[in-house]
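Going down the list, the protein sequences come from chains V and Z.
Every letter in the first sequence is one number past the one before it in numbering that gives the first Met the number 0, and letter 532, counting from 1, is 531.
Every letter in the second sequence is one number past the one before it in numbering that gives the first Met the number 0, and letter 260, counting from 1, is 259.
Ideal Cβ placement from N, Cα and C applies to all residues, glycine included.
Have a look at the structure below, then the notes.
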Amino acid sequence: MDSKRKMDSPESNVLTRSSPFPDEVLERVLGLVKSHKDRSSVSLVCKDWYNAERWSRTHVFIGNCYSVSPEIVARRFPNIRSVTLKGKPRFSDFNLVPLNWGADIHAWLVVFASKYPLLEELRLKRMTVTDESLEFLATTFTNFKALSLLSCDGFSTDGLAAIATHCKNMTELDIQENGIDDLGGGWLSCFPENFTSLEVLNFANLSSDVSFDALEKLVSRCRSLKFLKVNKNITLEQLQRLLECAPQLTELGTGSFHQELTTRQYAELESAFNNCKNLNTLSGLWEATPLYLPVLYPACTNLTFLNLSDAALQSGELAKLLAYCPNLQRLWVLDTVEDKGLEAVGSSCPLLEELRVFPADPYEQDVVHGVTEMGFVAVSYGCPRLHYVLYFCRQMTNAAVATIVKNCPDFTHFRLCVMNPGEPDYLTNEPMDEAFGAVVKNCTKLQRLAVSGLLTDLTFEYIGKYAKNLETLSVAFAGSSDWGMQCVLSGCSKLRKLEIRDCPFGNEALLSGLEKYESMRSLWMSACNVTMNACRRLAKQMPRLNVEVMKDEESDDSQADKVYVYRSVAGPRRDAPPFVLTL
Amino acid sequence: MDSGLSSLGGGSGGACGGGSSTNESVTTVSKVEVVEQMSTEASSYPGEAELELGLGLSLGTGGGGGGGGLVKPKQPSSAWGEYGRILTAKDFPSVLSNASSTAPRFSNSSAGPVSGTKRAADSAVSQEVGSATAASQVVGWPPIRAYRMNSLVNQAKALAAEDDKADSENDKFKDTLKKKPYTGSNKNNSTVKEKGHLGFVKVNMDGLPIGRKVDLDAHACYETLAQTLEDMFFRHNTTMPPIRSDVEKGQSTNLSKLLDGSSEFVLTYEDKEGDWMLVGDVPWGMFLSTVKRLRIMRTSEANGLAPRFQERSERQRSKPI
Chain V
0 MDSKRKMDSP ESNVLTRSSP FPDEVLERVL GLVKSHKDRS SVSLVCKDWY NAERWSRTHV
60 FIGNCYSVSP EIVARRFPNI RSVTLKGKPR FSDFNLVPLN WGADIHAWLV VFASKYPLLE
120 ELRLKRMTVT DESLEFLATT FTNFKALSLL SCDGFSTDGL AAIATHCKNM TELDIQENGI
180 DDLGGGWLSC FPENFTSLEV LNFANLSSDV SFDALEKLVS RCRSLKFLKV NKNITLEQLQ
240 RLLECAPQLT ELGTGSFHQE LTTRQYAELE SAFNNCKNLN TLSGLWEATP LYLPVLYPAC
300 TNLTFLNLSD AALQSGELAK LLAYCPNLQR LWVLDTVEDK GLEAVGSSCP LLEELRVFPA
360 DPYEQDVVHG VTEMGFVAVS YGCPRLHYVL YFCRQMTNAA VATIVKNCPD FTHFRLCVMN
420 PGEPDYLTNE PMDEAFGAVV KNCTKLQRLA VSGLLTDLTF EYIGKYAKNL ETLSVAFAGS
480 SDWGMQCVLS GCSKLRKLEI RDCPFGNEAL LSGLEKYESM RSLWMSACNV TMNACRRLAK
540 QMPRLNVEVM KDEESDDSQA DKVYVYRSVA GPRRDAPPFV LTL
Chain Z
0 MDSGLSSLGG GSGGACGGGS STNESVTTVS KVEVVEQMST EASSYPGEAE LELGLGLSLG
60 TGGGGGGGGL VKPKQPSSAW GEYGRILTAK DFPSVLSNAS STAPRFSNSS AGPVSGTKRA
120 ADSAVSQEVG SATAASQVVG WPPIRAYRMN SLVNQAKALA AEDDKADSEN DKFKDTLKKK
180 PYTGSNKNNS TVKEKGHLGF VKVNMDGLPI GRKVDLDAHA CYETLAQTLE DMFFRHNTTM
240 PPIRSDVEKG QSTNLSKLLD GSSEFVLTYE DKEGDWMLVG DVPWGMFLST VKRLRIMRTS
300 EANGLAPRFQ ERSERQRSKP I
């Protein structure tokens, strides 16, 4: 409106204003843009928009904590209330990165303390967080509300105690999958008696007992509690009492689902679940047995996410349970359900969009159970909306994968892990090249791909040629020569993260990506054929990349055993431990 | 780079649990490096494919060698799967040769990337032991996060605890071996642990003039002991990259002969009465109270123990995994 009037009016000269909107309006409008990718685009339009965007941004997402410094972030974005930070390379989850590698949150907290004293939310993934940092966080930021720690390490329950003690306005405490030193459950009792603001509480992965009395009182007085995920020390009886206090829960993680109950207790439990009509997410269920699963049935009508990855269910139990979950969109299971269980998934869950099948016995090679290609195929027939899959199995065929992607062409995330490295198609004994070829040809929306099995360079030719939307690629024990990696680097224009281990890719491959790495978040290569000299060349020619090498104990001086390359505007790390060589 | 690396059942390096498999939720030290070495070696010694320093490469890449041999022979039973049962001579070469995640040893001795914090090293000692036995052939593979590994190990223990109630002592023991791979800090194991302690006992291996000593106190089950011995006698010598001395080559050649079936090693012990017995027959606690010293003996020489050995291996062969 404004702009039209201005353009028509002879008095105003549109060319003197780079934007037709007053700044306040622009900021207001841009403030509604939530996606960080969109905001990045917005900031590139012109200087006015860049400024409006930076003033209106309240949440910043930093995918690699070393790509930028806290000072730079604070300089650009003065009004941040919420920060999401990711630290270590993803392969650190699998012990490929030594401890004390870095990604310590403390330096960030110190800067935030002075620049963002009103900070409310902190979400960290794969960062090192010490108890001192947690205490600093709790005592410095008076407005602090939400803490989420996923796959972090370096802290103990003492740190959690500090948070519980000092954060008066806490709404979210989400502690997941961390390398935490569990010194006891006393931290939970540190929430003051007048504390009532909690909405999210997840302590499922902590192993020691919390005071149930404290927990029950906490749950009772936090009337806005929506997500509650307890650890496996909470019994069924205790769970029932919690559910009585909080029937409004939308996400529930149970404790141990195995206890001898009297008939009355069973009935009470059933009734408690019956009252939980708002549940859309269910997890926990440790040691669940067929005896008690039925108490869940009435609560499952509105379930969209069912996480059974801690419950070693058999196919029959799963089938019975799924019959009550018609609206399921996401399902995580252990492979104890076997192909038969997956057939039940195919027939009971037409709305399924995400499936993750984890191995119950990952290191047992000679296993006659688990899931095979048949289970996956069965799901694909029954669940055409499937777009996210993580599948651990011991055998696969090219034909099966071709069928799967024909049934489900909308895959955005395809992560197939055939557990024996270098395993060929077990029926034809051929490499699995055609399988992944089918995936990339059929699934044009593919963003994330993890390959496994016996693969030659052909797989990577296919990927480079067809996977035009691919952003993340994980490769292990695959490929035949540098050519494979070169295909990916030159073909996948949207590639952001490439992680490779134990592949025959060497210097030529590494250096072919010279121009590419600045457009990517990071590259990880371990146990490949890259030399120190090549890394040095890369570092020299691309000064805005950080090239870091970690060497194995007994390897050659010339070998670069673990290479981590990432773009950064902050220059080389200043906190690198001695075993990380920055070139 | 020859395709052997990827075609071998894994270019698998050493074992080394992908996770910390421990009751406490402390992350383990990154195992690693040694393991990575293993994988390089794997491709260079096609003949040793099985040994792969054990990594159950016997899984089937035995025939694969370095080249395009992609056929996966159906192994009757991989060494891998057998680790949980009573250990027989057949188990040992593979179990012994399985690279283990003896990260603590490495991390303590080197200043390299493997070294973690002291806390990690300490906790690693109790953890690695277990994770070694539960370990996959390769560090960080399959790619499963540590917390999930803990969960799985605990589930296995819980299931084992269930079974224990029902079974006889002997069976219970077998199940213990099978389902409680990690018993380092397992409370359930306290009963067997309380029986006697010996500290260090001598271990000699046929063919090696110099013996070693192993601290039995540091172990709570046969698997971890076997892993440790394997590290001591097989891996330490062969950890070097292929380009190094002939000594290693000689060593591995030796071992390869073992694995092609013509001769194998068995782990035996001398008990208080002076008799040489096959390790693994009796409950761990009883073993601790009677063992005087250990010997890694050639199978050919173990014929004296034959009746029991054969009887057991027959039982094992028919026993489903």
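Which residues bound the alpha helix (DSSP H) around residue i?
i: R536 (chain V); result: 531-540
i: Q485 (chain V); result: 481-490
i: V109 (chain V); result: 105-114
i: I71 (chain V); result: 69-75
i: R27 (chain V); result: 22-30
i: N441 (chain V); result: 432-441
For residue i, report the span of its beta strand (DSSP E) as first-last.
i: D321 (chain Z); result: Limits of chain Z in this structure are 0 at one end and 320 at the other, which puts residue 321 (chain Z) out of reach.
i: Y565 (chain V); result: 561-566
i: F304 (chain V); result: 304-306
i: K85 (chain V); result: 81-85
i: L277 (chain Z); result: 275-277
i: M524 (chain V); result: 521-525
Alpha carbon to alpha carbon, how far is residue j from residue i? Give it in angstroms, no decimals.
i: T581 (chain V); j: N532 (chain V); result: 13 Å
i: Q237 (chain V); j: V209 (chain V); result: 12 Å
i: I174 (chain V); j: F202 (chain V); result: 6 Å
i: C407 (chain V); j: G374 (chain V); result: 14 Å
i: L330 (chain V); j: C382 (chain V); result: 12 Å
i: S99 (chain Z); j: D270 (chain Z); result: Low per-residue confidence applies at S99 (chain Z): pLDDT is 37, beneath 50, and the placement is therefore not dependable, though the value from the model is reported in the following sentence. Looking at the two C-alpha atoms, the distance is approximately 27 Å.
i: N584 (chain V); j: L341 (chain V); result: Residue 584 (chain V) lies beyond the residue range present for chain V, which begins at 0 and ends at 582; the question has no answer from this structure.
i: Y60 (chain V); j: V388 (chain V); result: Checking the sequence, you will find Phe at residue 60 (chain V) rather than Tyr. In a straight line, the C-alpha of F60 (chain V) is about 25 Å away from that of V388 (chain V).
i: T300 (chain V); j: P325 (chain V); result: 7 Å
i: F105 (chain Z); j: V138 (chain Z); result: Only weak support exists for where F105 (chain Z) lies, its pLDDT of 31 falling under 50; the coordinates are left without a value.
i: T129 (chain V); j: A477 (chain V); result: 38 Å
i: V370 (chain V); j: L415 (chain V); result: 12 Å
i: V44 (chain V); j: T427 (chain V); result: 54 Å
i: W275 (chain Z); j: K291 (chain Z); result: 10 Å
i: H218 (chain Z); j: T227 (chain Z); result: 9 Å
i: S451 (chain V); j: M524 (chain V); result: 16 Å
i: W48 (chain V); j: Q446 (chain V); result: 29 Å
i: L84 (chain V); j: L205 (chain V); result: 22 Å
i: T253 (chain V); j: N306 (chain V); result: 11 Å
i: M395 (chain V); j: M431 (chain V); result: 8 Å
i: F111 (chain V); j: A102 (chain V); result: 16 Å
i: A271 (chain V); j: N279 (chain V); result: 16 Å
i: L513 (chain V); j: V438 (chain V); result: 28 Å
i: G183 (chain V); j: I79 (chain V); result: 34 Å
Flag residue i as yes when its Cβ comes closer than 6 Å to any non-hydrogen atom of the ligand HEM, and as no otherwise.
i: Y461 (chain V); result: Here there are no bound small molecules, and the ligand HEM is not part of this structure.
Pull up the DSSP beta-bridge partners for residue i, would you.
i: R125 (chain V); result: R125 (chain V) pairs with nothing; no bridge assigned.
i: A475 (chain V); result: V:R500
i: A449 (chain V); result: V:R414, V:S473
i: T427 (chain V); result: The partner list for T427 (chain V) (beta bridge, DSSP) is empty, contrary to what the question assumes.
i: W331 (chain V); result: V:N306, V:R355
i: R294 (chain Z); result: Z:N203, Z:T267
i: I143 (chain Z); result: Paired residues: none, contrary to the question.
i: F60 (chain V); result: V:T83
As an exercise, report each continuous beta strand (DSSP E) stretch of at least 3 residues that is fully enclosed by the region 228-254 of chain V, in chain order. 250-252
Along the region 166-191 of chain V, what residues have a CB closer than 9 Å to any CB found in chain Z? Q175, E176, N177, G178, I179, D180, D181
Chain-ordered residues of the region 138-151 of chain Z with a beta carbon less than 9 Å from chain V: V138, G139, W140, P141, P142, I143, R144, A145, Y146, R147, M148, N149, S150, L151
Ignoring anything shorter than 3 residues or poking outside the region 361-397 of chain V, list the beta strand (DSSP E) runs there in chain order. 387-392
Which ranges does the beta strand (DSSP E) cover as unbroken runs of at least 3 residues, wholly within the region 270-301 of chain V, from first to last along the chain? 280-282
Residue ranges of each beta strand (DSSP E) run of no fewer than 3 residues wholly in the region 112-200 of chain V, ordered along the chain? Counting whole runs of 3 or more residues, the region 112-200 of chain V contains the beta strand (DSSP E) stretches 120-124, 145-149, 152-155, 171-175, 178-180.
Going along the chain, which residues of the region 416-444 of chain V sit with their C-beta nearer than 7 Å to a C-beta in chain Z? C416, M418, N419, P420, G421, P423, N428
Contacting positions in the region 93-107 of chain V - beta carbon closer than 7 Å to chain Z: F93, N94, L95, V96, P97, L98, N99
Given a limit of 8 Å on CB to CB distance, which residues of the region 203-215 of chain V reach chain Z? N204, L205, S206
Chain Z contacts from the region 271-284 of chain V (Cβ-Cβ distance under 7 Å): none
Within 8 Å of chain Z by C-beta, residues of the region 140-154 of chain V in sequence order: S150, D152
Note down, in chain order, all residues in the region 290-322 of chain V with a beta-carbon under 8 Å from any beta-carbon belonging to chain Z. Against chain Z - using a Cβ distance shorter than 8 Å - the residues of the region 290-322 of chain V are S308, D309, A311.
Chain Z contacts from the region 462-482 of chain V (Cβ-Cβ distance under 9 Å): Identification of residues in the region 462-482 of chain V having a C-beta nearer than 9 Å to some C-beta of chain Z yields S473, A475, F476, A477, G478, S479, S480, D481, given in sequence order.
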